[in-house]
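Asks: Per the working numbering, the first sequence runs over residues 1221 to 1660. Backbone N, C-alpha and C define an ideal beta-carbon position, used for all residues, glycine too. Just so you know, these numbers come straight off a predicted model, no measurement behind them.
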Amino acid sequence: MNFKIYNTLTKEKELFQPLDDQSIKMYVCGPTVYSYAHIGNARPAVIFDTLYRLLKNIYPEVIYVRNITDVDDKINEAAKKLNKPISYITEKYTDIYHEDMRSLSVLSPNHEPRVTDNIAQIISMIQRILDNKKAYINDNHILFDITSFDQYGKLSNRDMDEMLSGARVEVAEYKKTPGDFVLWKPSNDDEPGWDSPWGFGRPGWHIECSSMVETYLGKEIDIHGGGQDLIFPHHENEIAQSCSAHNSKRYAKYWMHNGYLNMEGEKMSKSLGNIITVKELLEKYDGEVIRLALLSTHYRKPINFGESLLEQSKNILNKLYKNLNNQSYEDVVSKDVINPLLDDLNTPLAISSLLKIKCSKTLIKSANLLGLLNRTQEEWLSSNNKSTMSENDIELLIQERDRARKSKDFAKADEIRDQLDQNNVILEDIDGKTIWRVKK
RNA sequence: GGCUGAGUGGCAGAGUGGUUAUGCUGCGGUCUGCAAAACCGUUUACGCCGGUUCAAUUCCGACCUCAGCCUCCA
């Protein structure tokens, strides 16, 4: 099995050679639960879910960990605004995230750790980094000393000195080097916090992932994934922390990053007001349509999300479900689908292959690998049944139209068809019989 | 300013040193009372300029445009 992955660390497409081919270990940065997940959050979830499905198809065991970040200043703000406890916010949005992911056919990872359940492990890791003299204490903050880590900047291909000359942000006074980052910071009484050897406080942003990888997967893992925006500083810092705590050279063997998502050609941002949540999209489109839309661009490229992409995806899915009507016995994944996936997860090419598969069972099995065609043809056709008319009324009108057609009163027959059309019902005359379906 | 990525036909989107991607849409046709569905056909594609080559959209170099990152946004 030749599985190739583009590795951000080496900037090359490499042959995937697992640390242990009996058990693959992958970690993906999960959501910060302070608001509804938007479509940009859904992209990595769907992409790495597809990777997870592919790996499970190849290897005997895959351990997939995706965390939930439930300690964050944005959460604190959201809680303060509503005058509710922080747990109210994190629990609410964790539940919504899970619902959204289910709708997009995203499988649950094997572990989904929360920061609040792993504080002891985080403290232990920070202590080890301090013991190894890779961090220092200043003004009640524990800061990682980036000058102590010679690989710093390798993942993001950055030279710290060059970056600093162009820096546009004020540097906190307690930092020795402007690039140093917080491992632990003090909390006020109204902020979430835990007792630690360094006083009441909370972990910095990056340490949680390092700690959870260590706890649930070990010191070194095969694949670490996330959005491109996390390359710097988040992933760069994770490498520095983990290697410094472990006295090791390597943390993740392969780094995979998905491209950005734009809305109708524009960056999705609060200021432009074009952020669209998964929940909003699900009101208008089936989760499978959204999933297909997200997979229709290669994961490393920017995706231009919008109405036309969704409509196109809907058409493709209709076509695929329509193709599920022959009886067949071949029950294997199509080579034309799995081979593109094995080549750095080329989902667009795999999808185009799906459209050529004639054998239903092969089609289902192949599409399932992408998390698609999860329902039967009947279930699909009857979903999104948005006609305002009852089935009985529709049947009666069809009978009336039949009578009109038999008596060659085509004007009346067409009038009835138009009437049904306005109620989203489309008629098809096949072999002397009239069948109807709801517009999708 | 530094870094990273992208630029393919009406749209979406693969791929390739010389031969059809694929899908959607549009147009034409077969079929139909008319439609729908199905099937068939179909329109100049590869940002710009050089270079390498018998041949470049594909390799190399410069340039242009767009997007993003540069301390907590997937």
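Quick one: what's got a C-beta closer than 7 Å to I1443's C-beta in the same chain, skipping five residues either side?
Replies: The residues are M1246, A1472, Y1474, M1476.
Asks: Rounded to the nearest angstrom, what separates L1647 and I1655 at their Cα positions?
Replies: Near 6 Å, if we compare the C-alpha coordinates of I1655 and L1647.
Asks: What does a CB cutoff of less than 6 Å around A1587 pick up in its chain, not counting 5 residues either side in sequence?
Replies: Hits under 6 Å: L1574, L1593.
Asks: Does DSSP classify G1386 as helix, strand or coil?
Replies: Legend: pLDDT at G1386 = 48, less than 50; position of this residue unreliable, value from coordinates given subsequently. Residue state, collapsed to three classes: coil.
Asks: Just to confirm before moving on: does the CB-CB distance between K1354 and D1564 stay below 7 Å?
Replies: The answer is no: Cβ separation not under 7 Å.
Asks: Who are the near neighbours of P1305 in its chain, counting only those whose CB is closer than 7 Å to its CB and skipping five residues on each side?
Replies: Contacts found: A1299.
Asks: Taking contact to mean at least 3 C-beta pairs separated by less than 8 Å, is the segment 1281 to 1290 in contact with the segment 1528 to 1546?
Replies: No: fewer than three Cβ pairs fall under 8 Å.
Asks: According to the Cβ coordinates, are V1266 and P1329 closer than 7 Å?
Replies: It is not a contact, given that the beta carbons lie outside the stated cut-off.
Asks: So does the segment 1518 to 1527 actually touch the segment 1554 to 1561, counting three or more Cβ pairs closer than 8 Å?
Replies: Not touching, per the Cβ criterion.
Asks: Give the DSSP-derived three-state secondary structure of R1422 in the structure shown.
Replies: DSSP places R1422 in strand when its eight states are reduced to three.
Asks: Which value, in whole angstroms, describes the spacing of the CA atoms of T1608 and I1618?
Replies: Those two C-alpha atoms are separated by around 16 Å.
Asks: If you draw a straight line from the C-alpha of D1315 to the C-alpha of N1478, how long is it?
Replies: Computed Cα separation, rounded: 25 Å.
Asks: Rounding to the nearest angstrom, what Cα-Cα distance links N1566 and I1225 in this structure?
Replies: Spanning the two alpha carbons is a distance of roughly 10 Å.
Asks: Please state if the CB of S1323 and the CB of G1507 are separated by a distance shorter than 7 Å.
Replies: Contact: yes.
Asks: Indicate the three-state DSSP secondary structure (helix, strand or coil) for R1286 in the structure shown.
Replies: In this structure, R1286 counts as strand in the three-state DSSP scheme.
Asks: Assuming E1311 is part of the alpha helix (DSSP H), what are its boundary residues?
Replies: Looking at the DSSP string, the run of the alpha helix (DSSP H) that includes E1311 is 1306 to 1323.
Asks: With DSSP as the reference, please indicate the residues paired to R1657 in a beta bridge.
Replies: Its beta-bridge partners are I1646.
Asks: Between the alpha carbons of D1359 and P1264, how many angstroms are there, rounded?
Replies: Taking the straight line from one Cα to the other gives about 37 Å.
Asks: Is DSSP giving N1594 helix, strand or coil here?
Replies: Coil.
Asks: Keeping to the same chain, check which residues put their C-beta closer than 7 Å to that of T1310; ignore five residues upstream and five downstream.
Replies: V1253, D1290, I1295, listed in sequence order.
Asks: Could you have a look at N1482 and say whether DSSP puts it in helix, strand or coil?
Replies: Correct three-state label for N1482: strand.
Asks: Check T1270 in the structure and name its three-state DSSP category.
Replies: T1270: helix per DSSP, three-state reduction.
Asks: In terms of alpha-carbon separation, which member of I1614, I1259, S1627, I1650 lies closest to N1644?
Replies: Of the listed residues, the one whose Cα sits closest to N1644 is I1614.
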